[in-house]
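**Student:**
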Amino acid sequence: MVEWFRANETKGSGAYSRQVPNQSARRCYNGLMNAASLLWIAEAVGIDEPTVRRAYEAAVAADDYRRACGAIRKIIAWDMIYALA
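Read in order, the letters of the sequence shown correspond to residues 1 to 85 in the UniProt record's numbering.
1) Decide if the stretch 59-71 is in contact with the stretch 28-39; the criterion is three or more beta carbon pairs, one per stretch, under 8 Å apart.
2) DSSP state of residue 85, grouped into three classes?
3) Are residue 51 and residue 81 closer than 8 Å when you measure CB to CB?
4) Taking residue 79 as the reference, which of 40, 47, 69 and 14 has the closest Cα?
5) Taking DSSP as the reference, what is the three-state secondary structure of residue 79?
6) Using only alpha-carbon positions, find the residue among 42, 74 and 56 that is nearest to residue 84.
7) Enumerate in chain order the residues of its own chain whose CB-to-CB distance from residue 45 is below 6 Å, with the five nearest sequence positions on each side excluded.
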């Protein structure tokens with residue numbers, strides 16, 4: 001995961017190239033398409049266990065990984081992460 005975040009500071013390569021390097025933590029969080037990583041970040045900054053569990057359950061109920069990530073972000077928004085970071 002550290003490598004993914006480091007790559008966001010560059011213009012990327014191949015299918016993951018971008019015009020301008022991403023230097024926004026908010027954009028990284030909102031662009032991360034790995035439910036386990038989103039939950040890990042939430043736990044790492046100290047989001048309370050019931051909220052993380054609710055987000056996990058919403059992700060499990062989702063149809064695919066994109067919806068799972070969206071379900072987590074509806075419960076654990078960037079502002080919650082930022083407030084505790």
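All residues carry an ideal CB built from backbone N, CA and C; glycine is no exception.
**Tutor:** Let me lay it out:
1) yes
2) As a working mapping, residue 85 is identified with position 85 in the sequence shown. Three-state result, residue 85: coil.
3) Taking the first residue of the sequence shown as 1, we reach residue 51 at position 51. Taking the first residue of the sequence shown as 1, we reach residue 81 at position 81. Not a contact, by the Cβ cut-off of 8 Å.
4) Reading the sequence shown from its first residue, position 79 is the one you call residue 79. Considering only alpha carbons, the answer is 47.
5) The residue given as residue 79 occupies position 79 in the sequence shown. Note: residue 79 maps to helix in three-state DSSP.
6) Counted from its first residue, the sequence shown places residue 84 at position 84. Minimum Cα distance to residue 84 is reached at 42.
7) For the purposes of this step, residue 45 is taken as the residue at position 45 of the sequence shown. Answer for residue 45: 81, 84 and 85, listed in chain order.
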